[in-house]
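To convert, note that position 642 of the sequence shown is 670 in the working numbering; the numbers rise steadily by one, no gaps. Even glycine gets a Cβ: it sits at the ideal position worked out from N, Cα and C.
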Amino acid sequence: MVSSGAMDYRLPTTVVPQRYDLRLDPNLEAATFAGAVSIIVDVREPVIEILLNAAELVIESAAISQDGREPIHGSASLDEAAERARLVFPVTITPGQWRLALRFTGILNDKLHGFYRSTYKDASGTAHTIAATQFEATDARRGFPCWDEPALKAVFGVTLVVPQHLAAVSNTSVLREETLGDGRRAVTFADTIKMSTYLVAFVVGELEATEPVMVGPTPLRVWSVPGKKHLGRFALDIGAFSLDFFERYYGLPYPSDKLDLLAIPDFAAGAMENLGAVTFRETALLVNEAAASHAELERIADVVAHEIAHMWFGDLVTMAWWNGIWLNEAFATFMELLAVDAWKPEWKRWITFGVSRASAMGLDGLKATRPIEFEVMAPRDCEAMFDLLTYEKGASVLRMLEQHLGPEGFRDGVRLYLERHRYANAETTDLWKALGDAARQPIPGVMDGWIFRPGYPLVTVGIDGAGLKLTQQRFLYLGGPPDPAEQWRIPVVFRASVKRGYVERRLLLDGAEATVPLPAKPDWVVLNAGGHGFYRVRYAPALLKKLAGALAKIAPIERFNLLSDCFALGQSGMMTASDFLDLTGRFTTETDRNVWAVLTGSLAWVNRVIADDQRPGLEALVRHRLDEMASLLGWEPQEGESELDRQLRGDLLRMLGTLGNDETVQARAREVYAGYQVDETTVDANVLPAVIAIMAASGGESEYADFRDRYKRARTPQEEQRHLYALAGFRQPELLRQTLEMTINGEVRSQDTPFLIRSLLQSVYSRGLAWEFVKQHWQTMQRLYPGSAYRRMYEGIPALVSPEWERDVHAFFAEHKITLGGKTLEQYFEQLRVAVAFQEREAEALAAYLGRLIKAR
Ligand code: BES
Ligand code: ZN
């Protein structure tokens, strides 16, 4: 069945583009642009009309010509709802090659998509405008009329007409510049490779670049607004490393002639992989390495490596349609990890990836999940595809496959895939084919269940004689009896302690159950050994007890998964909350920060579920769990310790001072901050962000005023970000009201307001106020924020944990037409349901458990 959606959004392929020659003349003051495009098209069937995409453009003229003959003039009309232009000609256009010439005008919008404007103030307070593009997924049509579908690849020849003193950047290097005599110049760029429209980019403004770093023949530069060039060093380092790393891994040269990384002050996503002109939000590119925390540096390394990985995976070879976006994003995420891990093995990036895998499992355990590959038609639904399933589940199953095939076989398959499909498009089946050809084994059998079906399995393990019995069923937070037909082919790895030695086994569990004999009855066993599997494990009670007593003998990622799986079992009612909280008591000497992240993350979730009068009990529990390690680490970095230990110190102090409400830590944080105000070098870069967050949680009006001021005067994007989000971490309603006001009064960039609202909805001290504020001002927000914002801000909804709020949330969305795209809203509703159901189920037990801790104080 061809859905009506398909008819509404896909272009006919009777006429397809081969080459665009595009000239754009942006007027930064007026926030408009004029353009002319000449498109070589291939007419495949006789037509009298041509359909192509255009949105928020006025097409002033359209003409088509062949072989230098007289042009045929047509009329253009726009269908804004379908985002299409219809060009009608007085005579039939016969099959063959034609040149279509269009003149048009448009606006530089403030919605951070299409061809848009971004503004910043210089040191003297003067405002400046930058024109930049964000075309993915479906917004190239706002920059110029085009066939805006990923499979309609073409060559782009771009000319930008700009004021003499402004920089102009596009996908390729400058071919020539022509002074126009009126204070402007025309900058013409070299032809691009054959590529999709969503990868075209232009940036115009007062920007400065670092000196280029040469990576083989390719110059690599970082661009920023004036005065921030010195913050590009770190990105250049990881950029150069990853460019070289990927050329070797992929076995193909970088597919363009230069690589610019540009920090744009207003940017909706984190970064965008435009070929040769990658754009970023400032926090994802610019940093003062000496003053940044490990987490902040890791973020930049990740994003830079991710976007550069796309230059091949995405840009050179592109998914045929948006249902296959996982091919782009999961791969770039997987490759980002490989590169960052190779760059800084001491960062142990694959262990940290456990956090991402766990968040994907959080989403994929919902009934309202979707398969990784999923049908999409409408633009808003394309946007909704950029989620944890595409990125994190996708990267997880690729990692699982890589481990299953072996890293080299996998890499050879990737090379084969890129070589076969370069300058063209591909489908998931093409990837399986290439991987299978390289590895000489069929892939679809193992992989299809993970890609084309929603959800993932729960493997239950028990003792059976001297061996193990494994069974699988789908994991769902909101159960109901599992459907026995839902099964996966699971590459299972386990390690068992048997007779004072270890045995490790690999098997493919492809039925409902399996029995695995062992030489003797094991002392303990850890399933999903190595932690690469995208499944959860439920141990029989006796096995769980044994494993909990052997934590020091298993790997950090295995401890991570144990806690994460048990927490999920607790959320779904398969383990009691008390048992879970008891289990956390085994982790007081934990040394891995990711394990701590899952532990404190689960306690923060519990904090949103419990009644206010139980909070002191939870705070006491948090202090008990964290105290030992926090005292061991202290406040000062120690000689010879690793970067990860420094970050762990910051993480633990932050949790103690906020979720643990630890007065001693709060008092010390105030002292440290006072010292910082006198001499900034006195505070370790990993401790400072924690101190700021703690000061917010325990501070008042004067701290608030100080942070707000520092937010405005920040010298680095990280400093700006820390102080901004701290404003959501205060606890006094008067102060929180001011922060809420900042989400609509223009004080905060619209790229950040949705995240600020999300934080305010998630904090137990502000969620009630924030929800009332959102209900009152959602229309204003809808008017001010970029379209991608709604999904982000409403992500805070599952934190509104009470039956009353839950009803209110449903009523609100029933009443107002707010489209989040895909299944996003259903997912938020279900996450809220999981929390409220847990609250109803566990209220009494939690009150008793935490009550004892309050008394014990
Ligand atoms: N292609 C995306 C950017 C994007 C996302 C465009 C959604 C349009 C809609 C880019 O490659 C990306 O994945 N960016 C991430 C950062 C990355 C390190 C995960 C982002 O923007 O968060
Ligand atoms: Zn990406």
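{"query": "Segments assigned alpha helix (DSSP H), at least 4 residues, entirely inside the segment 636–707", "result": "643–661, 671–685, 691–706"}
{"query": "For proline 485: DSSP bridge partner residues", "result": "Arg502"}
{"query": "Identity of the residues DSSP links to phenylalanine 164 by a beta bridge", "result": "Per the sequence shown, the amino acid found at residue 164 is glutamate instead of phenylalanine. Glutamate 164 pairs with nothing; no bridge assigned."}
{"query": "Runs of beta strand (DSSP E) lying entirely within the segment 529–563, each at least 3 residues, in chain order", "result": "529–537, 541–544, 552–555"}
{"query": "Contact under 8 Å by Cβ, glutamine 642 with leucine 874", "result": "yes"}
{"query": "Cβ separation of isoleucine 135 and threonine 60, assumed to be a contact under 8 Å, to the nearest whole Å", "result": "6 Å"}
{"query": "Exposure of valine 30, with buried meaning 16 or more beta-carbon neighbours within 10 Å", "result": "Legend: pLDDT at valine 30 = 37, less than 50; position of this residue unreliable, value from coordinates given subsequently. Looking at its Cβ environment, which holds fewer than 16 other Cβ atoms inside 10 Å, valine 30 is exposed."}
{"query": "Closer than 7 Å: histidine 844 CB and nearest the ligand ZN heavy atom", "result": "no"}
{"query": "Cβ-Cβ distance between alanine 353 and methionine 413 below 8 Å", "result": "In the sequence as presented, alanine is not what sits at residue 353; that position holds isoleucine. Their beta carbons are under 8 Å apart, which means isoleucine 353 touches methionine 413 by this criterion."}
{"query": "Inter-residue Cα distance where the pair is serine 32 and arginine 170", "result": "Low local confidence applies: a pLDDT of 43 at serine 32 is under 50, so the model's placement there is unreliable, with the coordinate-based value given in what follows. If I take the Cα positions, the gap works out to 24 Å."}
{"query": "Coil, strand or helix - isoleucine 292 by DSSP", "result": "strand"}
{"query": "Three-state secondary structure (DSSP) of arginine 47", "result": "strand"}
{"query": "Methionine 300 - partner residues in DSSP beta bridges", "result": "Thr307"}
{"query": "Assigned exposure category for tyrosine 451 - 16 Cβ within 10 Å defines buried", "result": "exposed"}
{"query": "Inter-residue spacing [alpha-carbon to alpha-carbon] between alanine 113 and glutamine 469", "result": "47 Å"}
{"query": "Distance CB(threonine 200)-CB(aspartate 219) smaller than 8 Å", "result": "yes"}
{"query": "N- and C-terminal bounds of the beta strand (DSSP E) containing serine 525", "result": "518–526"}
{"query": "C-alpha distance - leucine 115 paired with alanine 91, whole-angstrom precision", "result": "9 Å"}
{"query": "Leucine 52, DSSP secondary structure in three states", "result": "strand"}
{"query": "Alpha-carbon spacing of glutamate 757 relative to aspartate 640, whole angstroms", "result": "At residue 757 the sequence reads glycine, which differs from the glutamate that was named. Spanning the two alpha carbons is a distance of roughly 17 Å."}
{"query": "Reduced DSSP secondary structure (H/G/I, E/B, other) of leucine 271", "result": "helix"}
{"query": "Euclidean distance between Cα positions of valine 719 and threonine 616", "result": "22 Å"}
{"query": "Length of the line joining the Cα atoms of alanine 576 and arginine 614", "result": "7 Å"}
{"query": "Where alanine 580 falls, given that 16 or more other Cβ within 10 Å makes a residue buried", "result": "exposed"}
{"query": "Distance between valine 69 and glutamine 46 (C-alpha atoms, nearest Å)", "result": "6 Å"}
{"query": "Neighbourhood of serine 600 by C-beta distance below 8 Å, restricted to the same chain and skipping five residues each side", "result": "Gly393, Phe503, Leu504, Tyr505, Leu506, Gly507, Val862"}
{"query": "Given glutamate 832 as reference, the closest of Lys497, Arg820, Leu860 once Cα atoms are compared", "result": "Leu860"}
{"query": "Buried versus exposed call for isoleucine 336 [16 or more other C-beta atoms within 10 Å across all chains shown]", "result": "buried"}
{"query": "Rounded separation between alanine 182 and aspartate 415 - CA only", "result": "28 Å"}
{"query": "DSSP state of glutamine 125 mapped onto helix, strand, coil", "result": "strand"}
{"query": "Own chain residues within Cβ distance below 7 Å of valine 693, not counting five before or after", "result": "Leu681, Leu684, Gly685, Ile722"}
{"query": "Environment of the ligand ZN in chain order, Cβ to heavy atom below 5 Å", "result": "Glu357, Ala360"}
{"query": "Given phenylalanine 562 as reference, the closest of Glu699, Ile518, Val711 once Cα atoms are compared", "result": "Ile518"}
{"query": "Segment limits, beta strand (DSSP E) that includes alanine 62", "result": "60–71"}
{"query": "Beta-ladder partner(s) of leucine 130, from DSSP", "result": "Val65, Ala90"}
{"query": "Cβ contact (3+ pairs, closer than 8 Å) linking the segment 763–772 and the segment 783–801", "result": "yes"}
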